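Colleague:
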Amino acid sequence: MSSTSSGGDNPEDKSALPNHYEVLGVDEEASESDIKSAYFRLVREYRPQENPEDFQRFNDASATLSDPRRRGAYDQNRRNGRRMQVLVDQAANSLDKDPQKAIALLKNAIAMAPDVPRPRALLAQVLTRIEEYEGAEKQYRWLIRDNPRDETIRFKLARCLWLQERLGEAEAELRGALKVNARYHDALILLSRLQEIQEQNALAAQTLEQAIANDNRENYADTDALLRLFVLYLLVGDLEEAAHTEQRLLAVIPGDASPRTDKAVKRILRRANELYQAEKFQSALRLVDCAAQRTLGSPEATEQAETLYRAVTLRNEARQLQADRLAEGALKAYLELRYLDRAPETLRQKLDVLLSRLMGEIALKPREIVGTVDYLRRQYPTIAAEQERLLAELYDRATKRIVANAAREAENAAMPDQRDLPPGGGGAKRGGLLGWLRGGGDSNAK
Numbered sequence: 000m001s002s003t004s005s006g007g008d009n010p011e012d013k014s015a016l017p018n019h020y021e022v023l024g025v026d027e028e029a030s031e032s033d034i035k036s037a038y039f040r041l042v043r044e045y046r047p048q049e050n051p052e053d054f055q056r057f058n059d060a061s062a063t064l065s066d067p068r069r070r071g072a073y074d075q076n077r078r079n080g081r082r083m084q085v086l087v088d089q090a091a092n093s094l095d096k097d098p099q100k101a102i103a104l105l106k107n108a109i110a111m112a113p114d115v116p117r118p119r120a121l122l123a124q125v126l127t128r129i130e131e132y133e134g135a136e137k138q139y140r141w142l143i144r145d146n147p148r149d150e151t152i153r154f155k156l157a158r159c160l161w162l163q164e165r166l167g168e169a170e171a172e173l174r175g176a177l178k179v180n181a182r183y184h185d186a187l188i189l190l191s192r193l194q195e196i197q198e199q200n201a202l203a204a205q206t207l208e209q210a211i212a213n214d215n216r217e218n219y220a221d222t223d224a225l226l227r228l229f230v231l232y233l234l235v236g237d238l239e240e241a242a243h244t245e246q247r248l249l250a251v252i253p254g255d256a257s258p259r260t261d262k263a264v265k266r267i268l269r270r271a272n273e274l275y276q277a278e279k280f281q282s283a284l285r286l287v288d289c290a291a292q293r294t295l296g297s298p299e300a301t302e303q304a305e306t307l308y309r310a311v312t313l314r315n316e317a318r319q320l321q322a323d324r325l326a327e328g329a330l331k332a333y334l335e336l337r338y339l340d341r342a343p344e345t346l347r348q349k350l351d352v353l354l355s356r357l358m359g360e361i362a363l364k365p366r367e368i369v370g371t372v373d374y375l376r377r378q379y380p381t382i383a384a385e386q387e388r389l390l391a392e393l394y395d396r397a398t399k400r401i402v403a404n405a406a407r408e409a410e411n412a413a414m415p416d417q418r419d420l421p422p423g424g425g426g427a428k429r430g431g432l433l434g435w436l437r438g439g440g441d442s443n444a445k
């Protein structure tokens, strides 16, 4: 077997890779047909049953040298492999401290060996990290062109497209990755997120179930996936599966006061707060209840759960009150404003105006105020408890007004009815106002 020099600056650069040209017995200028002829001659001579290792070497050499792109990368690696590797290693060490330096080093490595995939893969990673997604996408597409069945590259391209909010293209790449490897966990997780964004919650739940079932067992690593699945079942209204998934979630969270437990509880509470902000109140309350089962005496987690539970309940009651036609008036408007208004800079002024209206309603409609306070205490206990001081004051004032009004009515009822008497009182002549006028005015005048 023979081989000619490739003209590299450092002959030792070639020693890091197997010499495929020597394996096939061709020189480095051999054509594709020369390589195929050499390969077939060797495999006829060295049968795989008797020479399995040699046969594998022939296959590897032929596969590399028969593909122009792979052959180009191989030749570039042999010529510049060591220098290129130094640049790549330096770039890897600079990723966190100086990404721009890493990018410059990797571009130099690519210029030195444009057909070698590793510098491009690392460059795409750096560009994604600094949010230069278009540049990263360009590198991933170059890599996929030579490796269409590499599910990892397809997933990374899908993630890059996802970050650019190109959801349709991202889904296509994810399905391409799953076509190669149907159990690819990361691709299933990202696909479920995409389906969730598109409000395909039932489909997202199915995809998540598939991802979780990949290793046939559930453990702490499945915490986030199970939490998402729990929420999805709540959102689609499948309360039976939601309850079952809640127990699955609790089963993978340690039953002790460990850092992992604390981390999981905080993650559940964060998701509950997200649902609260989205006004998914019932789902938020379910998550708070779930987290409370694993606070395990942690004062911080317990306080967070209690605070969030109260906030969710108050906002939920306020929304129900807003739609309640049985409660009307300034008191209802005051409570809606206090719990639903999102403009704190004008809240105080608005509340003062409504309190003035309330005082007016107490004077004019005290019985309605008393009835509204009683209704609020029955139907909206959390709001009523928090506003008890105000409600008690309103109730007291309205009750006193009712009593005062009743006393005044009784006093008026005890007095003679003056409406039927002519001017001048009971001593006036009969005939009413007309007779009084005909008599010349006051009957006692002479």
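Heads up, the sequence shown is in numbering that gives the first Met the number 0, so the first residue is 0 and it goes up one at a time.
From the three backbone atoms N, C-alpha and C, an ideal C-beta is built for every residue, glycine too.
This structure is a prediction, so every number in the text was calculated from the model and none was measured.
#1: Does the Cβ-Cβ distance between Phe154 and Ala186 come in under 8 Å?
#2: Rounding to the nearest angstrom, what Cα-Cα distance links Glu44 and Pro67 in this structure?
#3: Looking at C-beta atoms only, is the number of pairs between the segment 356-371 and the segment 294-310 that lie closer than 8 Å three or more?
#4: How should Thr345 be labelled, buried or exposed, when 16 other C-beta atoms within 10 angstroms of its C-beta is the threshold for buried?
#5: For Met414, is the classification buried or exposed, using 16 other Cβ atoms within 10 angstroms of its Cβ as the cut-off for buried?
#6: Out of curiosity, what's the CA-to-CA distance linking Ala326 and Asp340?
#7: Within the continuous alpha helix (DSSP H) that includes Val42, where are the two ends?
#8: Is the beta carbon of Val251 less than 8 Å from the beta carbon of Glu217?
#9: For Leu447 and Leu177, what's the separation of their Cα atoms in angstroms?
#10: Examine the Cβ distances between the segment 152-172 and the segment 186-195 and report whether three or more of them are shorter than 8 Å.
#11: Can you name the start and end residues of the alpha helix (DSSP H) that Ala384 belongs to?
#12: Distance check for Pro253 and Lys279, CA to CA, integer angstroms please.
#13: Report yes if the CB atom of Leu313 is closer than 8 Å to the CB atom of Glu385, and no otherwise.
#14: In the structure shown, what three-state DSSP assignment does Ala256 receive?
#15: Beta-carbon within less than 6 Å of Lys100's beta-carbon, same chain only, minus the 5 sequence neighbours each way: which residues are those?
#16: Using 10 angstroms around the beta-carbon of Gln276, count the other beta-carbons present and answer buried if the total reaches 16, otherwise exposed.
#17: If distances are taken between C-alpha atoms only, which option among Gln205, Leu330, Leu336 comes closest to Tyr390?
#18: Just checking my contact of Leu357 with Tyr333 at CB under 8 Å: how many whole Å lie between their CB atoms?
#19: Relative to the alpha-carbon of Lys137, which residue among Pro147, Leu122, Arg128 has its alpha-carbon at the smallest distance?
#20: Can the beta-carbon of Leu190 be found closer than 8 Å to that of Glu170?
#21: Helix, strand or coil for Gln199? Go by DSSP, reduced to three states.
#22: For Arg195, tell me which candidate among Leu166, Glu172, Pro298 has the shortest Cα-Cα distance.
#23: Per the contact definition of three or more C-beta pairs closer than 8 Å, is the segment 23-42 in contact with the segment 55-63?
#24: Rounding to the nearest angstrom, what Cα-Cα distance links Arg293 and Glu198 in this structure?
#25: Using a Cβ-Cβ cut-off of 8 Å, state whether Arg269 counts as contacting chain B.
#26: Using the C-alpha atoms, what's the distance from Phe54 back to Gln48?
#27: According to DSSP, is Asp145 helix, strand or coil?
#28: I'd like to know whether the C-beta atoms of Leu225 and Arg192 end up nearer to each other than 8 Å.
#29: Helix, strand or coil for Thr294, going by three-state DSSP, please let me know.
#30: Among Thr222, Leu284, Val235, Ile211, which one has its Cα closest to the Cα of Ala527?
#31: Tell me the residue span of the alpha helix (DSSP H) that contains Arg337.
#32: Return the CA-CA distance between Tyr38 and Asn215, expressed in angstroms with no decimal places.
#33: Can you tell me the Cα-Cα spacing of Glu316 and Asp255, whole angstroms?
#34: From Ser65 to Ile129, what distance separates their C-alpha atoms?
#35: Let me make sure I understand the geometry here. Which of Arg227, Arg266, Ser355, Glu31 has the alpha-carbon closest to that of Thr244?
Modeller: So, from the data block:
#1: yes
#2: 26 Å
#3: no
#4: exposed
#5: exposed
#6: 18 Å
#7: 31-44
#8: yes
#9: For residue 447 there is no data in the structure shown, the boundaries of the chain being 0 and 445.
#10: yes
#11: 380-385
#12: 28 Å
#13: yes
#14: coil
#15: Ser93
#16: exposed
#17: What sits at residue 390 in the sequence shown is Leu, not Tyr. The residue with the shortest Cα to Cα distance from Leu390 is Leu330.
#18: 7 Å
#19: Leu122
#20: yes
#21: coil
#22: A quick correction: the sequence has Glu, not Arg, at residue 195. Among Leu166, Glu172, Pro298, the Cα nearest to that of Glu195 is on Leu166.
#23: yes
#24: 30 Å
#25: No chain B is part of this structure, which consists of one protein chain only.
#26: 9 Å
#27: helix
#28: no
#29: coil
#30: Nothing can be reported for residue 527, as the shown portion of the chain is limited to 0 through 445.
#31: 329-339
#32: 44 Å
#33: 34 Å
#34: 38 Å
#35: Arg227
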